[in-house]
Amino acid sequence: MTKHLGLTTASAAVVAAYGLLGAGAALAQDDWLANLEPMTLKLADFSGDQTANFGKAMVAWEESITAFTDGKITFENYWSSSLLNALDTLQGVGDGVADIGLIIPSYMPQELPVGSWLFGLGGALSGSTVHDVAAGGATALETVLTLPALTEEYARHNVVVLQGTSTPAYNLLCNTPISSLADAEGKRARAIGAVWSDTVEALGMTPVSIAWNEAYEGLQRGVFDCMVINPNQYVNGLVLKDVAPEFVPVTMAQLQSSTWVMNKDIWDGFPVELQNFITEANAKAAYEIWMGYLEIEAQAGDLIAAAEEIHTNDVSEIEPVAAAQRAEAVAALAGTAPGAVENPQQVIDDYLARIDYWTAALEADGYMVTERTPEAILKAFAGLRDVDLANFFARYNEEVTSTLMK
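All letters in the sequence shown, in the order written, are residues -28 to -1, 1 to 378 by mature numbering (1 follows the signal peptide of the UniProt record, and there is no 0).
Shown next as structure tokens:
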């Protein structure tokens, strides 16, 4: 097979298809590729399989790296906690049980105090899906890659951050209508974590802790009334459409940041040409996850808009209460920062400024923040499949990804 810029023709085609032929991807045949030792890297994902949003993006990421290295780097995938579970992954990747894994920092507040503290910034969002996924996601990704206190925290566990993404906002999926504070008073809502339970309490509801695998039956039997989760759970995961037909689109915090990490010894052993390529590939994987979230939410929107199985509640009375509570929580974050964070208020201010910056970038592309009315929400759901983030992503790469190259 012929070579093209240091790759086989087939490999070059795969890399080009993945969109990584920019300045950061050094493709010239050089000693680095000739000297690269063949290896098989193990990836551990507790959240799903290769058909899930994360899984699909990471498989494409793997394929691009295999192509770029002419097949010298290959991968073994361990899905759905088959190698490491959510609580084992940080240590498991650091110790080399797996080479790549998915981390939720808030699950490990003792090991990752800075990452867990930043989780509170998940409340700094608008509720508008495109903006929370893209502007919120870009801000989270930029922060997880560049905040020294955070990157150093991961390094102490012998891992480096590849990329991180944030979910769309969480809402309430309920088995009873809730459109006022009187309706919410005393209702029980599954809310795991203060970033959600504090908002639930502000609405007059009672947060309860129910295992994920018991949530469907709990809603069905009336053990609790609402679940704090993305609307995509109507059609994905738990598929709650039959047991929580009341969609209450009050804005709860987004889950941030789901972070992919690599064993630091493996990363440090890569030549700079490969590190630069992977840096670009990391950003592309995050982008694919953003687009995946929009598609999943669009599927839920189809069901919600049909109004046959799901009823959308008017949240005009309770949305301001939730928004005020989230703003107060973000404002109070500086007082709870770990000692490793220098000038926490500046970190918070910078984060909020970057959300505003990336939100403005989306608005410049014609995507305005959606009002929290039933009509506007349904219209926004209907338009999710028409969203084109290519220009936004190109801007992110130019302004952020390029600065991470060596």
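Idealized CB from N, CA, C, for every residue including glycine.
Would you mind stating whether residue i and residue j have Cβ atoms separated by less than 7 Å?
i, j, result
"A167", "G95", "The residue you asked about is not Ala; residue 167 is Val in the sequence shown. Their beta carbons are under 7 Å apart, which means V167 touches G95 by this criterion."
"N254", "Q135", "yes"
"residue 381", "V131", "Lying before the first or after the last residue shown, residue 381 is absent from the chain, which here runs from -28 to 378."
"S100", "T342", "yes"
"A333", "F364", "yes"
"T139", "Q226", "yes"
"V220", "N285", "yes"
"G176", "L212", "no"
"L356", "L266", "yes"
"V86", "P310", "yes"
"F242", "F40", "no"
"F353", "A294", "no"
"N57", "L15", "no"
"V200", "A163", "yes"
"L74", "H129", "no"
"W330", "A110", "yes"
"T148", "R160", "no"
"S19", "V116", "no"
"I182", "G194", "no"
"Q317", "A303", "no"
Return the residue from the list the options that minimises the CA-CA distance to residue i.
i, options, result
"N185", "L210, G176, T178", "L210"
"D2", "D170, E245, G338", "E245"
"L97", "I276, G264, N143", "N143"
"E34", "W232, A270, Y188", "W232"
"T38", "L5, S181, G108, T111", "L5"
"Q297", "L74, L93, L62", "L93"
"N25", "P10, W262, L13, D197", "W262"
"N369", "A257, F242, F40", "A257"
"E347", "D337, S288, Q318", "S288"
"M340", "H103, F18, S36, L13", "H103"
"A279", "L350, M234, D321", "L350"
"D360", "T375, L376, P120, D337", "D337"
"M11", "A312, Q22, F47, V31", "F47"
"L8", "D21, D240, A174, V319", "D240"
"S53", "P77, S78, S36, Q22", "Q22"
"S36", "G165, A127, Q247, V215", "Q247"
"A187", "N235, S169, V215", "V215"
"A127", "Q205, I76, N235", "N235"
"P120", "G27, D358, V313, S169", "V313"
Tell me which residue opens and which closes the beta strand (DSSP E) that residue i is part of.
i, result
"A141", "141 to 146"
"R162", "160 to 162"
"Q135", "131 to 137"
"M11", "11 to 17"
Contact check, residue i vs residue j under 8 Å by CB: the rounded distance?
i, j, result
"E291", "T223", "6 Å"
"E252", "T373", "6 Å"
"E218", "I150", "7 Å"
"L122", "L90", "7 Å"
"I238", "D71", "5 Å"
"P203", "A270", "Rounded, the Cβ-Cβ distance is 10 Å, inconsistent with contact."
"A32", "E260", "6 Å"
"L84", "E125", "6 Å"
"C146", "D67", "At roughly 43 Å, the Cβ-Cβ gap does not stay under 8 Å, so C146 and D67 are not in contact."
Does the beta carbon of residue i sit closer than 7 Å to a beta carbon anywhere in chain B?
i, result
"P316", "Within the model displayed, chain B is absent; a lone protein chain is all it includes."
Over the uninterrupted alpha helix (DSSP H) stretch that includes residue i, give me the two end residues.
i, result
"K351", "346 to 354"
"L324", "316 to 336"
"V359", "Element bounds for V359: n/a, residue is neither H nor E."
"S38", "Before going further, note that residue 38 is Thr rather than Ser in the sequence given. Run containing T38: 25 to 40, per the alpha helix (DSSP H) assignment."
"V341", "Here V341 belongs to no alpha helix (DSSP H), and DSSP marks it neither H nor E."
"E300", "291 to 303"
"N7", "3 to 7"
"A154", "153 to 156"
Legend entry - Whole runs of the beta strand (DSSP E) within the region 43 to 119, excluding any shorter than 3 residues: Segments of the beta strand (DSSP E) lying fully in the region 43 to 119: 45 to 51, 72 to 75.
Inset, instruction - Would you mind listing the beta strand (DSSP E) stretches within the region 173 to 246 that are 3+ residues and don't spill past its ends, in chain order? - result: 178 to 180, 198 to 201, 218 to 226, 230 to 235
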